[in-house]
Amino acid sequence: MNLNILNKKLKKRIELNWENWLFIFFCIIEVVILIFAAPMVKVLAIVIGALYFFMAEKLPVDMTAMLIMITLMITGLVTPEEGVSGFANSATITVLCMFILSKGIENTGIIHKAGNVIFRLTGKSPILQMIAIAILVAPVSGFINNTAAVAVFLPMILSMARRTKVSATRLLIPLSFFSMMGGTLTLIGTSTNILANSVLEQEGLPTFSMFTFSHIGAIVLIVGIIYLLSFGRFLLPDRKNTEEEEERWAKDFLIEIKVGADSDWIGKTLQDLKFKDRYQTRVIKIIRGGQSIVQSVGRKKIEENDVMVLYANEKQIIEFDKFKNEQILLNFDSETKMRNREDNKIVKVVQKNPRYFANRTVAEIQFQKKYGASIVGIHRPEQDIATKSLANMKLKPGEILLIKASPAHLQAIEDSGDFLVLEEVKREYNPKKTITALGIMILMILLATFNFMPIMVAALLGVFLMFLTRCLSPSEFYKSVNWEVIFLLAGVIPLGIAMTKNGAADFLAGMIVNNASSFHPLILLGLFYLITTLITEIISNNATVVLLIPIAIQVSEKLGYDPWSFVLVIMFASSTSFLSPVGYQTNTMVYSAGNYKFSDFIRVGGLLNLIFLVLTSFLVYYFFGV
7 MNLNILNKKL KKRIELNWEN WLFIFFCIIE VVILIFAAPM VKVLAIVIGA
57 LYFFMAEKLP VDMTAMLIMI TLMITGLVTP EEGVSGFANS ATITVLCMFI
107 LSKGIENTGI IHKAGNVIFR LTGKSPILQM IAIAILVAPV SGFINNTAAV
157 AVFLPMILSM ARRTKVSATR LLIPLSFFSM MGGTLTLIGT STNILANSVL
207 EQEGLPTFSM FTFSHIGAIV LIVGIIYLLS FGRFLLPDRK NTEEEEERWA
257 KDFLIEIKVG ADSDWIGKTL QDLKFKDRYQ TRVIKIIRGG QSIVQSVGRK
307 KIEENDVMVL YANEKQIIEF DKFKNEQILL NFDSETKMRN REDNKIVKVV
357 QKNPRYFANR TVAEIQFQKK YGASIVGIHR PEQDIATKSL ANMKLKPGEI
407 LLIKASPAHL QAIEDSGDFL VLEEVKREYN PKKTITALGI MILMILLATF
457 NFMPIMVAAL LGVFLMFLTR CLSPSEFYKS VNWEVIFLLA GVIPLGIAMT
507 KNGAADFLAG MIVNNASSFH PLILLGLFYL ITTLITEIIS NNATVVLLIP
557 IAIQVSEKLG YDPWSFVLVI MFASSTSFLS PVGYQTNTMV YSAGNYKFSD
607 FIRVGGLLNL IFLVLTSFLV YYFFGV
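This note's numbering puts the sequence shown at residues 7 to 632.
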């Protein structure tokens, strides 16, 4: 083995060991505190532990939330009834219902049809395309789940970008940002709004109605549109024509090709075949008899049953798939067989389900058995290839895969919620139910707006009517729900109860009041916006709301201010997290799909967050006072 490769592997192991030792040491300290400390200190230790687990991603976020809930109950910081109260909380039930109602609207095809009509009118102008995205996505995101809105529009926008030869990097960040801004238009626009309202209710404070803060959301949206159409437009990356980007995309997917007995490649070297010039790609290594050949690959004679690992773009892979004597390994496994249907096609998908894919290999997830399709390629930097076979590589959430599937299986994959398909899938919509589904949604909004019934009850009624009118089948009810979000909400809600019950929120609020009581209320609102924005980039926006709202309520009560203003600032800040691709789920979706760099979000979103910090704080102060 090459000495440099050995040193790199050894260094990586040492780093991993240090990381693991640090994790073990942290857990021991946490356990000691949870056994011997006072209740308030225990709560603060759990808060710090939650932040660490969310940042370190040792567990999926929903499982971290479950661990928080269990720890609170074991330590006696909340009663068992309080510990599981998150599952029966009005916010959890309402968010669950909104997922189902959103799916009912999506199934009619009205959103897809409106998108096709408007996008056809934009021509090749990036500015008109961006305006169209804002007109479509923002209002829709105010009434259905904004993640679902992005999932619907993203393939359409990618298709439009390819057709009009406009770089997708110019359009996908605006798509995500507009969906987040649209979520601030109504109480049901985001799960954080619904959760914040629930916390107010728990604290015995007046709650928001459907359109309480819509005027602030509308102003924020207008300013955001102006920013992205003017100054922000020049900060968006445009990489479609650079040689560097074309070269990178040309070798985007790792694939494995097995050499058959009748292959013309046998007995020849890659240099003899002029492989690089002929196929415009490079072989990384050859796997022969379970051993990897990395050194001098180009001079090795190819043998029968050799597996060649190489980079290729989507178009090249489609060509390789036509070869008869050299077979692309499905799921990177020579034993995998797939019925060759004429309508099978190769498409790109993005993993969306961290709970299922995190740290599992292609072999472990049994992709073909679960989805009826096969993985043919994976987007992964060369330096991350540590295993002999690609089947043994651990997958990462947000990673782009190239899959081979029939249209029926492709639609099933998209409906599973585990993947975002990066091209438009021809699917069967139910346009006959459009008026029915829209009518149910409007009825639910009117009932909640005019206080005929609580929003949770109205949402439950809407779900029942969707079922009664057959806008959704029973199986679609369960598939449409993002269970990760539901378990996250149910797990972190008891933490808010523990913070209030055991004095942790009061203690942290006291520290803020002692150091910032002399601040003007407007500056204090801006401070809470800033803290919320930064914490949301580290942990889930829902967890941020649960952590900060009890503290904000205590601060406002100590200073004699109106809690609504502080809660509103936290809601807006947690729903407009632009700084990174990990701060909000829609950012993560477009990050992978658009092949962005991490710094793109900081460059475009950093200034926008500063503008919103000042704007939102001022608007809340102006309209609601303190």
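Backbone N, C-alpha and C define an ideal beta-carbon position, used for all residues, glycine too. Predicted, not measured: the structure shown is a model, and the values here were computed from it.
Nearest residue (CA-CA) to residue 337, options 325, 66, 371 and 223: The shortest Cα separation from residue 337 among 325, 66, 371 and 223 belongs to 371.
Backbone CA spacing between residue 568 and residue 408 [nearest angstrom]: When the Cα atoms are used, residue 568 and residue 408 turn out to be separated by approximately 52 Å.
Where the alpha helix (DSSP H) through residue 377 begins and ends: DSSP places residue 377 in the uninterrupted alpha helix (DSSP H) bounded by 373-377.
Alpha-carbon to alpha-carbon, residue 183 and residue 582: Roughly 7 Å separates the two Cα atoms.
Proximity winner among 46, 330 and 231, relative to residue 266 (alpha-carbon distances): Of the listed residues, the one whose Cα sits closest to residue 266 is 330.
Selection from 468, 274 and 571 that minimises the alpha carbon distance to residue 303: For the options 468, 274 and 571, the alpha carbon positioned closest to that of residue 303 is the one of 274.
Runs of beta strand (DSSP E) wholly within the stretch 26-72 (minimum 3 residues, chain order): Segments of the beta strand (DSSP E) lying fully in the stretch 26-72: there are none.
Whole-number beta carbon distance between residue 156 and residue 539, since they are thought to touch under 8 Å: No, residue 539 and residue 156 are not in contact; Cβ-Cβ is about 20 Å, not under 8 Å.
Start and end residues, alpha helix (DSSP H) containing residue 551: In the DSSP annotation of this structure, the continuous segment of the alpha helix (DSSP H) that includes residue 551 starts and ends at 547-565.
Nearest neighbour of residue 239, chosen from 64, 621, 132 and 455 [CA to CA]: Residue 239 has its Cα closest to that of 132, out of 64, 621, 132 and 455.
Residue of 548, 441, 65 and 77 minimising C-alpha distance to residue 36: Of 548, 441, 65 and 77, the residue nearest in Cα terms is 77.
Ranges of the alpha helix (DSSP H) found wholly within the stretch 438-464, counting only runs of at least 4: The DSSP assignment places 440-455 as complete runs of the alpha helix (DSSP H) inside the stretch 438-464, in order along the chain (cut-off: 4 residues).
Distance CB(residue 554)-CB(residue 627) smaller than 7 Å: Not a contact, by the Cβ cut-off of 7 Å.
Span separating the alpha-carbon of residue 612 from that of residue 279: Taking the Cα positions, residue 612 is about 50 Å away from residue 279.
Residue 189 and residue 196 closer than 7 Å at C-beta: Against a cut-off of 7 Å, the Cβ pair of residue 196 and residue 189 comes out as a contact.
Residues bridged to residue 297 [DSSP beta-bridge criterion]: Bridge partners of residue 297: 294.
Residue interval of the beta strand (DSSP E) (run including residue 383): Element bounds for residue 383: 380-384.
Residue nearest to residue 81 in terms of C-alpha spacing, selected from 98, 70 and 52: Comparing Cα-Cα distances from residue 81 to each of 98, 70 and 52, the minimum goes to 52.
Cut-off 8 Å between Cβ atoms - residues of its own chain near residue 65, not counting five sequence neighbours on either side: Taken in chain order, the residues that qualify are 59 and 73.
Residue 317 - containing beta strand (DSSP E), residue span: That run of the beta strand (DSSP E) goes 313-318.
Identified DSSP bridge partners for residue 259: Partner(s): 318.
Pairwise C-alpha distance: residue 446 and residue 169: Taking the CA atoms as reference points, residue 169 sits about 36 Å from residue 446.
Through-space distance from residue 217 to residue 630, alpha-carbon basis: Each residue's Cα considered, the two are about 14 Å apart.
Chain C within 7 Å of residue 397, Cβ atoms only: Reference to chain C is not applicable here, since this structure consists of a single protein chain.
Neighbour-count burial assignment, residue 159, 16 or more Cβ in a 10 Å radius: Buried, by the Cβ-count rule.
Where the beta strand (DSSP E) through residue 333 begins and ends: For residue 333, the enclosing beta strand (DSSP E) has its first and last residue at 332-334.
C-beta atoms of residue 548 and residue 495 nearer than 7 Å: Yes.
Cutoff 6 Å; reference residue 75; Cβ partners in own chain excluding five residues on either side: When the five nearest sequence neighbours on each side are left out, the beta carbons in the same chain lying within less than 6 Å of the beta carbon of residue 75 are those of 89, 497 and 500, in order along the chain.
Exposure label - residue 249; buried when at least 16 CB within 10 Å: Residue placement at residue 249 cannot be trusted, given a pLDDT of 41 that sits under 50; what the coordinates show is reported in the next sentence. It is exposed - the Cβ of residue 249 has fewer than 16 other Cβ atoms within 10 Å.
Neighbourhood of residue 574 by C-beta, 7 Å cutoff - its chain only, sequence neighbours within 5 removed: Contacts found: 219, 626 and 630.
Bridge-paired residues (DSSP) for residue 411: The partner list for residue 411 (beta bridge, DSSP) reads 351.
C-beta atoms of residue 440 and residue 114 nearer than 7 Å: A contact, by the Cβ cut-off of 7 Å.
Option in 165, 226 and 193 with minimal Cα separation from residue 140: Nearest Cα to residue 140 within the set 165, 226 and 193: 226.
8 Å Cβ shell around residue 221 - same chain, five flanking residues per side excluded: Excluding sequence neighbours, residue 221 sits near 629.
Proximity below 7 Å, CB of residue 150 to CB of residue 185: Between residue 150 and residue 185, the CB-CB gap reaches or exceeds 7 Å.
The stretch 509-529 contacting the stretch 119-134, beta-carbon criterion three pairs below 8 Å: Cβ pair count under 8 Å is below three, so no.
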